[in-house]
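**Student:** Numbering (the numbering used here), first residue to last: 215 to 425.
#1: Near residue 339, which residues of its chain fall below 7 Å by C-beta distance, leaving aside the five closest residues on each side in sequence?
#2: Return the chain-ordered list of same chain residues with a C-beta closer than 6 Å to the C-beta of residue 354, the five sequence neighbours on each side being excluded.
#3: Identify whether residue 321 lies in helix, strand or coil by the three-state DSSP scheme.
#4: Kindly indicate which three-state DSSP category residue 406 falls into: helix, strand or coil?
#5: What three-state label does DSSP hand residue 219 in the structure shown?
#6: How about residue 290 and residue 367: do their beta carbons lie closer than 9 Å?
#7: Going by the CB atoms, is the gap between residue 246 and residue 308 shorter than 9 Å?
#8: Note down, in chain order, each residue of its chain lying with its Cβ closer than 7 Å to the Cβ of residue 351, except the 5 sequence neighbours on either side.
#9: According to DSSP, is residue 361 part of a helix, a strand, or is it coil?
#10: Mind checking whether residue 329 and residue 255 have CB atoms under 9 Å apart?
#11: Among the candidates 302, 269, 303, whose CA atom is the shortest distance from the CA of residue 345?
#12: Whole alpha helix (DSSP H) runs in the stretch 328-377 with 4 or more residues, listed along the chain?
#13: Hey, quick one: how far does the alpha helix (DSSP H) through residue 266 stretch, first residue to last?
#14: Let me confirm a value: residue 198 is counted as buried when at least 16 other C-beta atoms fall within 10 Å, else exposed. Which label applies?
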């Protein structure tokens, strides 16, 4: 069970590191939330994205990602929902009055929970992520190393584990750069506008993507 060679693991981990270092919507969302709300918001966004990615790993193991890869209608539907959600978040940030992220949180709702939830949806509603998991993970499935679904899930989980080593330092660096600035109204408004523009841009980019 899961009997792989050192060459297998070195190849997989190298690919996982390079994939996590490459820029994309998930990383942009994490850094954008960090710049707007500091370390707490950054870590909440990061764990939310990880949760969504774990969902994609489960979908790939269950074979559900194949539906997005084979059905134009399913792909278009998920893409439209994901793009609309990103644009909605972006417009909300563009209309925000500025100031710290905490001050904008609805009463009774912890900001960390709100950003975590947004991160989950940003990841889950990106059909490109689902298709990526379906295209990437099977390359590391070996005959005789265990059930296919289990191998897919283990490798998908390890992609997230690699992200857990790479992304936290980036959040800490981003939080350090903006510490002491977020609570100034002028800077807060600028950060809100920057995040809003970023999210709207990501939404438009997702809407224009092809399968």
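Every residue gets a Cβ at the ideal spot worked out from N, C-alpha and C, and that includes glycine.
These figures come from a predicted structure and were not determined experimentally.
**Tutor:** Let me lay it out:
#1: Stepping through the chain shown from its first residue, residue 339 is reached at position 125. If we look at residue 339 and ignore the five residues flanking it on each side, its Cβ neighbours are 292, 295, 296, 299.
#2: For the purposes of this step, residue 354 is taken as residue 140 along the chain shown, with counting starting at 1. Contacts found: 226, 369.
#3: Translated into positions along the chain shown, residue 321 becomes position 107. Note on residue 321: pLDDT 39, under 50, position unreliable in the model; the coordinate value appears next. Residue 321 falls in the coil class under three-state DSSP.
#4: In the chain shown, the residue the question calls residue 406 occupies position 192. Residue 406 falls in the helix class under three-state DSSP.
#5: The count along the chain shown starts at 1 and reaches residue 219 at position 5. Coil at residue 219, not helix or strand.
#6: Reading the chain shown from its first residue, position 76 is the one you call residue 290. Reading the chain shown from its first residue, position 153 is the one you call residue 367. No, the Cβ-Cβ distance between residue 290 and residue 367 is not below 9 Å.
#7: The residue labelled residue 308 in the question sits at position 94 within the chain shown. The residue labelled residue 246 in the question sits at position 32 within the chain shown. Not a contact, by the Cβ cut-off of 9 Å.
#8: By 1-based counting over the chain shown, the position of residue 351 is 137. Counting only residues of its own chain and dropping the five nearest sequence neighbours on each side, residue 351 has a CB closer than 7 Å to the CB of 274, 366, 369, 370.
#9: Your numbering for residue 361 matches position 147 in the chain shown. DSSP places residue 361 in coil when its eight states are reduced to three.
#10: For this step, residue 329 is matched to residue 115 along the chain shown. For this step, residue 255 is matched to residue 41 along the chain shown. Less than 9 Å divides the Cβ of residue 329 from the Cβ of residue 255.
#11: By one-based count along the chain shown, residue 345 stands at place 131. That would be 269, whose Cα lies nearest to the Cα of residue 345.
#12: 341-350
#13: One-based indexing of the chain shown puts residue 266 at position 52. Unbroken alpha helix (DSSP H) run through residue 266: 239-276.
#14: The shown model of the chain, from 215 to 425, leaves out residue 198, and the question about it has no answer.
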